[in-house]
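UniProt numbering numbers the first residue of the sequence shown as 1 and each following residue consecutively. Working notes, structure below.
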Amino acid sequence: MSTPHQFSDHPETTGTGQAPHGPATGQFPQTEEHALQVHQNEILRQGFSELITLERTRNRRLAKIASFLLPWTIIGWAIIISTVVGVILSIVGVLQVNEWMNGA
């Protein structure tokens with residue numbers, strides 16, 4: 001037969017205010033394996049946190065480089081396009097002068 005305190009909402013406590021099975025938070029005693037797992041999880045969490053910080057720093061650095069290079073990229077393409085157009089116009093001009101000289 002059950003004793004009445006087994007169904008109570010309030011577990012028994014020791015003189016320190018802790019339940020006999022563990023701290024006042026209601027945690028059960030941790031096994032060595034569980035403590036090791038908690039420690040490993042904390043190390044992983046810190047590692048991921050550091051990786052995220054490094055990634056954000058890297059992204060900010062790349063964004064600065066990209067914002068610096070964008071105008072030069074636009075200028076570079078403008079130079080390439082104007083050079084190609086200039087070469088085409090020069091060829092057309094030479095052909096027209098050649099026709100004019102041959103026709104004269």
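For each residue, glycine too, the CB sits at the ideal point set by N, CA and C.
Asked                                                                         : Found
Can you look up T31 in the DSSP assignment and give me helix, strand or coil? : coil
How many angstroms separate the CA atom of H5 from the CA atom of H34?        : Low local confidence applies: a pLDDT of 49 at H5 is under 50, so the model's placement there is unreliable, with the coordinate-based value given in what follows. Roughly 30 Å separates the two Cα atoms.
In whole angstroms, what separates the C-alpha of I65 from that of L51?       : 21 Å
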